[in-house]
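There are 2 protein chains.
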Amino acid sequence: MPLAFDVAAIGNAIVDVIAPSTDQFLAEQHLAKGTMHLIDGERAAALYAAMAAGVEASGGSAGNTVAGVASFGGRAAYIGKVAPDQLGEVFTHDLRAQGVHFETPPLGGAEATARSMINVTPDGQRTMATFLGVAGRLTVDDVDPEVIQGATITYLEGYLFDPPPARMAFEKAAALARKAGRKVSITLSDVFVVERWREPLMAFLEASTDLVFANENELMALFQTADIDAALEQIRGLVPIAAVTRGPAGSIVLAADQTHEVAAFPVETVVDTTGAGDQYAAGFLFGLARRLPLETCARLGSLAAAEVIGHYGPRPLVSLRELGRARGVDLG
Amino acid sequence: MPLAFDVAAIGNAIVDVIAPSTDQFLAEQHLAKGTMHLIDGERAAALYAAMAAGVEASGGSAGNTVAGVASFGGRAAYIGKVAPDQLGEVFTHDLRAQGVHFETPPLGGAEATARSMINVTPDGQRTMATFLGVAGRLTVDDVDPEVIQGATITYLEGYLFDPPPARMAFEKAAALARKAGRKVSITLSDVFVVERWREPLMAFLEASTDLVFANENELMALFQTADIDAALEQIRGLVPIAAVTRGPAGSIVLAADQTHEVAAFPVETVVDTTGAGDQYAAGFLFGLARRLPLETCARLGSLAAAEVIGHYGPRPLVSLRELGRARGVDLG
Chain A
1 MPLAFDVAAI GNAIVDVIAP STDQFLAEQH LAKGTMHLID GERAAALYAA
51 MAAGVEASGG SAGNTVAGVA SFGGRAAYIG KVAPDQLGEV FTHDLRAQGV
101 HFETPPLGGA EATARSMINV TPDGQRTMAT FLGVAGRLTV DDVDPEVIQG
151 ATITYLEGYL FDPPPARMAF EKAAALARKA GRKVSITLSD VFVVERWREP
201 LMAFLEASTD LVFANENELM ALFQTADIDA ALEQIRGLVP IAAVTRGPAG
251 SIVLAADQTH EVAAFPVETV VDTTGAGDQY AAGFLFGLAR RLPLETCARL
301 GSLAAAEVIG HYGPRPLVSL RELGRARGVD LG
Chain B
1001 MPLAFDVAAI GNAIVDVIAP STDQFLAEQH LAKGTMHLID GERAAALYAA
1051 MAAGVEASGG SAGNTVAGVA SFGGRAAYIG KVAPDQLGEV FTHDLRAQGV
1101 HFETPPLGGA EATARSMINV TPDGQRTMAT FLGVAGRLTV DDVDPEVIQG
1151 ATITYLEGYL FDPPPARMAF EKAAALARKA GRKVSITLSD VFVVERWREP
1201 LMAFLEASTD LVFANENELM ALFQTADIDA ALEQIRGLVP IAAVTRGPAG
1251 SIVLAADQTH EVAAFPVETV VDTTGAGDQY AAGFLFGLAR RLPLETCARL
1301 GSLAAAEVIG HYGPRPLVSL RELGRARGVD LG
């Protein structure tokens, strides 16, 4: 029987180290709030030594998203590279325990499994410093054609533009998906990623993308404008569907002939926004794979994002399917 | 300048793997709810494969306690054994980041750093399966006399009775502390530990203990009685101070001429009781080291326990000192 998934994702396989922090600490460490910084091993050791005590949780943007898709009851697959070390085992366990198909072989004898040090300020914002380690060694050979061809939607991280071999894997997956008549989606991931890779990202969006996820800052960086309305109209002209997140203001979904503004779900206490965008994508992708209306897709995204910002860690701690039922959201 | 600590603790240095679970899963895995089971590497692998996705956090009963003492603003030291692996680095970082003195050399070439798989049921109860790994290789040579002699109170885990070399370290520490005119405290840790080591535990309590922590079940197991009132009077006769935790009912403190019943602090939602007893001990030990009245010690314990059961993970996520101030508790 051929493999069949709602969503297959490719991403940097990362374990998060999440700790409470302060604006002063971010300033001392020269970390721009709310963004992701790539750091080398030496800097990672120094930063870790300076950070507060924390907790560890499997992360990686696309990994978080497929965990969320599975939590909605969707069938999900993941492609990403870990090392055969303790954190690699944790990452692998957590995806498989969530029911995600994850068979990319670990790579020994190179770097360690990637770690992202996530500093959470009292306002719930997260600022990330990522040591990519072996995650950057994902290659085209790791892209299993059966997985991509069997997935209704292939989902790609903008973060993958950073490590060159991973970017080739990314491009192979997109080509395979399109050739099989499947949908391709991408998240812009981070404003610095957009600034580093604006031209190839733009080309990819125009040529190969059915659905793009972005927040407002990423979108304005992409079109080099401070005018969010102009950026929204530009993305509408570029990609069939754009889902733009706006933090507490919810999200806006743009298609050629449709615009939907969808409110955020209420959250009692914002503890840690790590994974909010990833879980929004999870809900949206699940809904789209199940052919739900775009507005419902966005509501599923809001629901999942609200769950994850109520606690430390980037993946849902409860079944999103059950949560959706309890809140009366259409799950198809 | 000589070292000076409020509390020095010796314990099994463990990283927790905490995941949501169900009563059915505990039954299938033959795990008695609310207790700690020692398992070997093979069983650990099988259990981990069956467990849900989780988060990792530094743990170990006494490690949690000294982290809590430091969070109250106390000076704390820890003695315990990790391996030079990723989880050992996490454990070491988290204690030092909290300001705890931790200089026990890691042991390479043996087992991995200890892991405890903690299954949290929807009622917030935690059931633990621990692979002791290198933690059991703590020896008398690891007990730094300067640390013990410099500590107002030495705190020992009942769990240390399980690995024989660790138990010898435990006994050496107690002897050093007493000889230096310092206080010795112990937690009974777990009802199975009490049943396995009843006689040596009893002898240790009678000969060398100034302060014992226990919950009601552990106390009844110690005195082999189903009558909690009888057990309370027996422990009062055996040890100068006994602090007995009673879950939501708070705690009772017994000394020769004093009895204090102290209520639990209100908790909005019980998420995960992992570390509740450890944090109770942290507050109590901090208070006692600072010569606060026994009733205040118990209130500090209740405060710390309430913080930790409101979230996943066994150590406080906020400053207990600030929390205590905010709640108007006397911190000395």
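Protein chains in written order, with this note's numbering: chain A, 1 to 332; chain B, 1001 to 1332.
Glycine included, every Cβ here is placed at the ideal spot set by N, Cα and C.
In this text the structure is predicted, and so the values were computed from the model without any measurement.
query	result
Could you confirm whether any beta carbon from chain B is found closer than 8 Å to the beta carbon of residue 315 of chain A?	yes
Under 8 Å, Cβ to Cβ, is there at least one residue of chain A near residue 1320 of chain B?	no
For residue 104 of chain A, I'd like the list of residues in its chain whose CB is within less than 7 Å of its CB, leaving aside the five on either flank, ordered along the chain.	79, 80, 81, 142
At 3 residues or longer, what runs of the beta strand (DSSP E) sit wholly inside the stretch 1198 to 1230 of chain B?	1211 to 1215
Which chain B residues sit within Cβ distance under 8 Å of residue 201 of chain A?	Residues of chain B passing the Cβ test: none, with the nearest at roughly 31 Å.
DSSP three-state call for residue 20 of chain A: helix, strand or coil?	strand
Whose Cβ in chain B lies nearer than 8 Å to the Cβ of residue 56 of chain A?	1055, 1056, 1057, 1090
Measure the alpha-carbon distance for residue 1255 of chain B versus residue 1177 of chain B and round it to whole angstroms.	21 Å
Identify whether residue 72 of chain A lies in helix, strand or coil by the three-state DSSP scheme.	coil
Taking Cβ positions only, does residue 1101 of chain B come closer than 8 Å to chain A?	no
Per DSSP, residue 78 of chain A is paired with what?	A:9, A:102
Along the chain, where does the beta strand (DSSP E) containing residue 1299 of chain B start, and where does it finish?	It is not in any beta strand (DSSP E) - residue 1299 of chain B instead sits in the alpha helix (DSSP H) that spans 1294 to 1309.
Would residue 100 of chain A and residue 66 of chain A qualify as a contact pair, given that the criterion is a beta-carbon distance under 8 Å?	yes
Where residue 1269 of chain B and residue 1310 of chain B are concerned, what is the direct C-alpha to C-alpha distance, given to the nearest angstrom?	6 Å
Is the beta carbon of residue 32 of chain A within less than 7 Å of some heavy atom of the ligand NAP?	Within the structure as shown, the ligand NAP is missing, as the structure has no ligands at all.
Determine whether the Cβ of residue 1029 of chain B lies closer than 8 Å to any Cβ atom of chain A.	no
Per DSSP, what are the beta-bridge partners of residue 1127 of chain B in this structure?	B:1119
Applying a beta-carbon distance threshold of less than 7 Å, which residues of chain B neighbour residue 48 of chain A?	1093
If I follow the unbroken beta strand (DSSP E) through residue 1139 of chain B, where does it start and stop?	It is not in any beta strand (DSSP E) - residue 1139 of chain B carries neither H nor E in the DSSP assignment.
On the three-state DSSP scale, how would you describe residue 155 of chain A?	strand
Can you confirm whether residue 1279 of chain B, when its beta carbon is compared against all beta carbons of chain A, has any partner nearer than 8 Å?	no
For a quick check, are the C-beta atoms of residue 1053 of chain B and residue 98 of chain A less than 8 Å apart?	yes
Buried or exposed, going by whether 16 or more other CB atoms sit within 10 Å of the CB of residue 1237 of chain B?	exposed
Taking DSSP's pairing of strands, which residues face residue 258 of chain A in a bridge?	A:255
Whole angstroms are fine: how far does the CA of residue 1195 of chain B sit from the CA of residue 1183 of chain B?	25 Å
Rounded to whole angstroms, what is the Cα-Cα separation between residue 1220 of chain B and residue 122 of chain A?	43 Å
Between which two residues does the alpha helix (DSSP H) containing residue 1093 of chain B stretch?	1086 to 1097
For residue 1319 of chain B and residue 289 of chain A, what's the separation of their Cα atoms in angstroms?	45 Å
Exposed or buried, residue 1129 of chain B, counting other C-beta atoms within 10 Å across all chains shown (16 or more means buried)?	buried
Using Cβ-Cβ distances below 7 Å, what residues of the stretch 1004 to 1022 of chain B are close to chain A?	1020
Using a 10 Å radius around the Cβ and a threshold of 16 neighbouring Cβ atoms, would you call residue 1024 of chain B buried or exposed?	exposed
Can you tell me which residues form a DSSP beta bridge with residue 56 of chain A?	A:17, B:1056
Does residue 1125 of chain B get closer than 8 Å to chain A when you measure Cβ to Cβ?	no
Going by Cα to Cα distance, which pick from B:1126, B:1134, B:1094 is closest to residue 1113 of chain B?	B:1134
Would you say residue 303 of chain A faces chain B, with C-beta separation under 8 Å as the test?	no
Would you identify the three-state DSSP class for residue 39 of chain A, choosing helix, strand or coil?	coil
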